[in-house]
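Residue numbers (the working numbering): 435 to 915. Structure record follows, encoded as structure tokens.
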Ligand code: HEM
């Protein structure tokens with residue numbers, strides 16, 4: 435009896451020693467030099483729960499603030515089961531963005547993107563899809579192929595909203611975005627197919643930045659199913675068109691044509707995966723930032739007034755010239771104040787990391803060594819630096835006066851990331867937000883005062899983002915607000 439007891443005592447002791455050793459190793463990762471300071475939290479879970487607490491969208495998360503006070507602008511942690519370095523140093527963020535190429539994302543997101551996607555496959559394929567995409571989403575592509583459609587789609591949605599007395603800013607922006615992108619990428623789609631695609635999106639918005647367990651019943655599982663269904667619909671559409679000799683649309687034509695002669699043959703699967711990424715990234719970012727911008731405007735009567743003045747001028751100019759009612763590129767370029775508002779909103783709402791990379795080779799940052807394979811998260815704290823932005827917590831579009839409003843990246847402004855992974859949709863997102871604001875100012879409108887904008891990595895609107903809108907257009911009404 436005593437022997438059995440001793441045997442189990444030894445086994446349990448060994449397990450405890452092994453566990454302690456693993457925990458010690460987890461908390462004290464090895465490196466060739468000195469790791470940045472920080473703590474790794476509990477094994478696997480790390481500090482994820484603290485990190486994922488929602489916070490005011492225009493304030494940096496408490497998690498990051500506390501860590502900066504304790505450790506300074508560069509620290510280590512563990513999130514989503516991965517080893518993480520967080521930096522709020524703009525110089526280091528730029529350097530990492532330039533010298534590291536692999537996008538940093540948790541496994542759930544990598545799986546959504548697909549293993550064969552051209553964005554991560556190789557440097558060459560990535561470079562190539564970037565150049566193809568720029569043809570569509572760069573300013574020339576937007577000017578020639580997008581602005582007219584975008585204006586028309588936005589106007590139609592707002593007319594419907596006005597008839598109903600209001601609409602949800604984020605949901606409506608999401609529909610406008612999908613319609614514009616889908617049309618540009620896939621050409622005209624059968625209404626049933628378009629409806630099916632929209633249904634798949636319902637599973638996406640809330641769940642993708644999570645732990646990576648793909649178990650039935652979880653959000654990740656539902657997302658993967660929705661992804662499968664979407665890919666199937668997109669693929670079937672392409673194959674059907676090919677079989678019937680129908681035109682595949684400009685985007686696919688350029689994709690296939692260009693890639694066949696250039697960086698190797700591209701398969702339909704790869705092309706479909708590629709456009710899927712587009713839908714995913716664009717839909718997660720732009721409608722949220724747009725709705726947050728509308729909220730910031732609605733809270734600032736002076737900004738409201740100035741915007742109304744700017745857009746009334748454009749509406750009046752069009753009436754005088756008796757040209758058709760479409761928004762032109764020149765109109766867009768003349769929206770100086772609107773662009774100042776968009777920049778200011780991007781500055782203030784960038785409270786999540788904008789440079790995300792996997793460190794591909796050991797990196798020396800001052801006294802510290804960042805090991806290869808760690809995930810790097812660069813926060814744009816520079817947006818809140820009082821030396822760069824006077825009274826940085828205030829929403830003040832006038833601070834952008836005389837600044838270059840076309841720049842999507844500078845040493846003090848980094849909402850769209852930097853380096854080889856700089857956002858490809860920045861100009862598109864800015865144009866879409868400006869078109870939305872422009873058409874909104876056809877009406878007398880307000881946003882519900884109780885609307886709150888939170889952030890848990892992604893911007894969230896727990897009570898929705900309702901805009902109340904009257905059917906009456908404001909163009910000829912000079913009473914103002
Ligand atoms: C306000 C809206 C948007 C914001 C704030 C935003 C922000 C970002 C950020 C921070 C990155 C990562 C850059 C890095 O790691 O250095 C990124 C990448 C990317 N964005 Fe955006 N984005 C927006 C809208 C869009 C739209 C509308 C599209 C597409 C139509 C888009 C397509 C992409 C793509 C494809 C990448 C990956 C680029 C690459 O890996 O080469 N984004 N975006």
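No residue lacks a Cβ here, since even glycine has one placed at the ideal position from N, Cα and C. Quick caveat, the model's predicted, so the values are computed rather than measured.
(Q) Check for me: the beta strand (DSSP E) holding residue 602 runs from which residue to which? (A) 600 to 602
Tell me whether residue 702 counts as near ligand 1, meaning its Cβ is closer than 8 Å to at least one heavy atom of that ligand.
no
Please report how far the alpha carbon of residue 578 lies from the alpha carbon of residue 658, in whole angstroms.
36 Å
Given 8 Å, three or more beta-carbon pairs between the segment 739 to 753 and the segment 482 to 502: no
Alpha-carbon spacing of residue 785 relative to residue 777, whole angstroms: 14 Å
Within this structure, are the beta carbons of residue 560 and residue 591 separated by less than 9 Å?
-> no
Considering Cα atoms alone, identify which of 809, 816, 854, 859 is closest to residue 847. 816
(message) For ligand 1, I want to know if residue 479 counts as a neighbour, meaning its beta carbon is within less than 8 Å of at least one of the ligand's heavy atoms.
(response) no
With respect to 8 Å, is the separation between the Cβ of residue 685 and the closest non-hydrogen atom of ligand 2 below this value? Summarising the ligand content, the structure contains ligand 1 and does not contain ligand 2.
> Should residue 586 be counted as a contact of ligand 1 given a C-beta to heavy atom distance under 8 Å?
Replying inline: no
Query raised in the report: Contact between the segment 827 to 838 and the segment 805 to 816: three or more CB pairs below 8 Å?
Result: no
Next on the checklist: With the cut-off set at 9 Å, would you say residue 547 and residue 711 are in Cβ contact?
Outcome noted: yes
Specify the secondary structure class of residue 697 as computed by DSSP and reduced to three states.
At residue 697, the pLDDT of 44 sits below 50, so the modelled position is not reliable; the number obtained from the coordinates is stated separately. Reduced to three states, the DSSP call for residue 697 is coil.
In the structure shown, what three-state DSSP assignment does residue 497 receive? helix
In or out: residue 764 buried (at least 16 other Cβ within 10 Å) or exposed?
exposed
query: Under 9 Å, do residue 730 and residue 872 count as touching if we go by C-beta distance?
result: no
Report task. With DSSP as the reference, label residue 469 as helix, strand or coil. Result -> coil
Q. Straight-line CA distance for residue 794 to residue 538?
A. 10 Å
Checklist line | Status (buried if at least 16 other CB within 10 Å, exposed otherwise) for residue 719 | finding: buried
Subject >> Coarse secondary structure for residue 854, derived from DSSP in three states >> reply: helix
Three or more beta-carbon pairs under 8 Å between the segment 797 to 808 and the segment 860 to 876, yes or no? no
| query | With distances taken between CB atoms, is the gap from residue 631 to residue 668 smaller than 9 Å? | reply | yes
message = Nearer than 8 Å: is that true of the beta carbon of residue 784 relative to any heavy atom of ligand 1?
response = yes
- [ ] Mark residue 512 as exposed unless 16 or more other C-beta atoms lie within 10 angstroms of its C-beta, in which case mark it buried.
- [x] buried
Quiz item: With 16 other CB atoms within 10 Å as the buried threshold, where does residue 879 fall?
Solution: buried
Meets three-Cβ-pair contact criterion under 8 Å: the segment 520 to 533 and the segment 847 to 864:
yes
Check: residue 508: buried (16+ other C-beta within 10 angstroms of its C-beta) or exposed?
Finding: buried
So what does DSSP say about residue 460, is it helix, strand or coil? helix
At what residues does the beta strand (DSSP E) containing residue 887 begin and finish?
That residue, residue 887, is in no beta strand (DSSP E); it is neither H nor E in DSSP.
Once DSSP output is grouped into helix, strand and coil, what is the label at residue 490? strand
Open item on the list: What I want to know is whether the C-beta of residue 866 ends up closer than 8 Å to one or more non-hydrogen atoms of ligand 1.
Closed with: yes
Taking the alpha-carbon positions, what's the residue 484 to residue 475 distance?
-> 10 Å
- prompt: Using the beta-carbon count (16 or more within 10 Å), is residue 442 buried or exposed?
  reply: exposed
| query | Identify the residues that DSSP records as bridge partners of residue 880: which are they? | reply | 902
Would the C-beta of residue 716 count as close to ligand 1, meaning under 8 Å from any of its heavy atoms? yes
Where residue 505 and residue 520 are concerned, what is the direct C-alpha to C-alpha distance, given to the nearest angstrom? 11 Å
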